[in-house]
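In the numbering used here, the protein residues as written are 1 to 104.
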């Protein structure tokens with residue numbers, strides 16, 4: 001697949017995700033931790049389904065060498081995700097967009 005098409009798909013899906021996150025977190029009663037956990041579960045399921053269709057078999061891999069890296073990745077990604085949802089909940093969307101644009 002052409003790399004320009006993949007970048008276009010990524011930009012469109014990231015924009016849609018950002019809009020959905022803002023809509024969900026507009027209500028102050030929504031808990032950022034619960035939303036973050038649900039997002040991670042949904043993302044994991046999507047990756048699992050894609051892996052099944054791609055016939056990728058990583059189950060027999062030895063993950064002992066990278067266990068601490070994987071654990072650190074989970075902690076850092078979860079913390080970042082919860083912080084992102086809290087920012088969506090408390091910040092003005094226009095200010096958030098400007099600040100969040102430096103993430104790349």
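The beta carbon of each residue, even a glycine, is placed where N, CA and C say it ideally should be.
Bear in mind that the values here come from a model prediction, so they are computed numbers and not experimental data.
Secondary structure of residue i, DSSP reduced to three states
i	result
residue 22	helix
residue 29	coil
Where the alpha helix (DSSP H) through residue i begins and ends
i	result
residue 73	67 to 90
residue 34	32 to 54
Nonlocal neighbours in the same chain, by C-beta distance under 6 Å from residue i, ignoring five residues either side
i	result
residue 81	36
Contacts around residue i, its chain only, beta-carbon distance under 7 Å, and the 5 residues preceding and following it disregarded
i	result
residue 42	none
residue 96	87, 88
residue 12	none
Mind the definition here: the region 80 to 87 touches the region 26 to 45 only if three or more C-beta pairs lie below 8 Å; say whether that holds.
yes
For the pair the region 15 to 32 and the region 88 to 99, tell me if three or more CB-CB distances fall below 8 Å.
yes
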